[in-house]
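Asks:
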C-alpha cells in the first residue's frame, strides 16, 4: 500500500520487528468461531515522545489488490488504561491496515504530528498472503 489514507504527518511504519520497541502490540486472537476470520487486538501507547498524546485512530479494510473497501476514522478520547482496538477480517479475501496518529501538545498542525502505520496485518504476522477463491 503506497499511502494509507494519504495523511500528512510524519509516517512511521510499525512492523513485527519494531512494534515492541515502539510500544505497540498486535495479537491474533484464537477465539473466532469461524476459522476463515481473524480476530485481532492492537494495544498502543497513550503517550509518545514524552507528551504527545494519541489523537486519531484509522482502520482500512482492503482487498487483495490493496484497494480500499472500507475505512473508519475517529478521534481518540484518552481514558484510563491502555488503549486497545479490536477488529476482524477474512484474510483469504481481505487485509487490514491501521494508522494511529499522535499530536504534540503545542498543536502546531501536521508538522507536530506522527502517524504510526501497520500497512498490512497479514504481513505483520509474517503470514503468506492467502490466495482467494
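Numbering (the working numbering), first residue to last: -12 to 120.
Backbone N, C-alpha and C fix where the C-beta goes; we use that ideal spot for every residue, glycine too.
If you're wondering where the values come from, they're calculated on a predicted model, not measured in any experiment.
1. Within 10 Å of its beta-carbon, does residue 82 have 16 or more other beta-carbons around it, so buried, or fewer, so exposed?
2. What are the partner residues of residue 34, as DSSP defines its beta bridges?
3. From this set, 35, 31, 14 and 37, which residue's C-alpha is nearest residue 25's C-alpha?
4. Quick check: the segment 33 to 49 against the segment 84 to 94, are at least 3 beta-carbon pairs closer than 8 Å?
5. Helix or strand or just coil, what does DSSP make of residue 5?
6. Could you name the residues of the same chain whose beta carbon sits closer than 6 Å to that of residue -10, not counting the 5 residues immediately before and after it, in chain order?
7. Classify residue 107 as buried or exposed, calling it buried when 16 or more other Cβ atoms lie within 10 Å of its own Cβ.
8. Just checking my contact of residue 8 with residue 102 at CB under 8 Å: how many whole Å lie between their CB atoms?
Replies: With the structure as the only source:
1. Sequence index remark: in the chain shown, residue 82 carries index 95 (1-based). By the neighbour-count rule (16 or more Cβ atoms within 10 Å), residue 82 is buried.
2. Residue 34 sits at position 47 when you count from the first residue of the chain shown. Residue 34 pairs with 40.
3. As a working mapping, residue 25 is identified with position 38 in the chain shown. Comparing Cα positions, the closest option is 14.
4. Yes: at least three Cβ pairs fall under 8 Å.
5. Along the chain shown, one-based indexing puts residue 5 at 18. Three-state result, residue 5: coil.
6. Counting from one through the chain shown, the residue named residue -10 turns up at place 3. Summary for residue -10: the model assigns pLDDT 44, below 50, so the residue's position carries little reliability; its value from the coordinates is reported in the next sentence. None.
7. Counting from one through the chain shown, the residue named residue 107 turns up at place 120. It counts as buried.
8. For the purposes of this step, residue 8 is taken as residue 21 along the chain shown, with counting starting at 1. For the purposes of this step, residue 102 is taken as residue 115 along the chain shown, with counting starting at 1. Contact flag wrong, Cβ pair sits at about 17 Å.
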